[in-house]
Amino acid sequence: MTVHRYFLHLAYNGSPFHGWQRQKNAHSVQAEIEESMSKLFQKNISTMGCGRTDTGVHARSFYLHFDLEEEIENKSNTVYRLNQMLPKSISIFECHKVHDEAHARFDASSRTYRYYIIHEKDPFNQDFNAFFPGNFNLEAMNNAADKLLDYKDFTSFSKVHTETFTNECDIIFARWSEQENGIVFEIKANRFLRNMVRAIVGTCLEVGKEKMSIEDFKAVINAKDRQKAGHSVPAKGLFLEQVEYPFIKKKKTKL
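Numbering (the working numbering), first residue to last: 42 to 296.
Structure below.
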């Protein structure tokens, strides 16, 4: 029996959901999409996502794969019909036919996250930015971000008791920059641990407030102990911005 594999490229506002992954007693992005796809194709559809975003985390670019016995003749129409069925918090961009062994999670060559912070209370930006008033030493925060590239083991920034085989990640890029009324942190790596970006941001903010030195920051990483790092910042400021695959041409999202 021939099985065809497809990738869906999508985005979602994570505010109404308890993360990406399907759960028994919680509303998830995966469940919402699988239910709509199952209705569309009139059979049970299971999906595999490129990652597991936590409750309240957003994705401007996310990929999943699924299998069908029949070939999709009009992928654009499939995208249109799914968008009509899904809530406004989820948007499908494209449907790609890929090779049979392509895997949304394991074949991703890199993932990029951004964390958005505003310094002044703003009723129009509070849903997608974390509010941290005051001044931060951006130079010191970037010195800390630079140190991340010198390490592989990020146990200190991971949730404990996860199912990961290793806590090693290859960080390719990490940088703080100014944005209107605030700052943004961008980080790119081959993979991320659960809660990793939010814990890194929380620890960098300690550096930015000059409550932690660069040597202290390095000591946190070397300790391989989550208790040594800063608090996890709120989920609403975190976006999965980009996921890259060697077999999918890089394309900007429509958002």
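Quick reminder that beta carbons are idealized off the backbone N, C-alpha and C, glycines included.
Query: 3-residue-minimum beta strand (DSSP E) runs that sit fully inside the region 60-126, ordered along the chain; Result: 99-109
Query: Rounded C-alpha distance that separates V284 from A260; Result: 30 Å
Query: For A240, the three-state DSSP class (helix, strand or coil); Result: helix
Query: Endpoints, the alpha helix (DSSP H) within which V261 is located; Result: 255-264
Query: Rounded separation between L281 and E110 - CA only; Result: 31 Å
Query: C-beta contact flag for S151 and K229 at 7 Å; Result: yes
Query: Segment limits, alpha helix (DSSP H) that includes L179; Result: 179-189
Query: Element boundaries [beta strand (DSSP E), containing H160]; Result: Here H160 belongs to no beta strand (DSSP E), and DSSP marks it neither H nor E.
Query: Strand pairing of Y154, partner residues [DSSP]; Result: I228, L281
Query: Alpha-carbon to alpha-carbon, A143 and R46; Result: 8 Å
Query: For C136: DSSP bridge partner residues; Result: L49
Query: S130 to F198 span [Cα, whole Å]; Result: 29 Å
Query: Contacts around H68, its chain only, beta-carbon distance under 8 Å, and the 5 residues preceding and following it disregarded; Result: P57, F58, H59
Query: Where V44 sits in the DSSP three-state scheme; Result: coil
Query: G278 vs Y156 beta-carbon contact at 7 Å; Result: yes
Query: V274 beta carbon less than 7 Å from that of A171; Result: yes
Query: Contacts around F233, its chain only, beta-carbon distance under 8 Å, and the 5 residues preceding and following it disregarded; Result: G92, R152, Y154, C210
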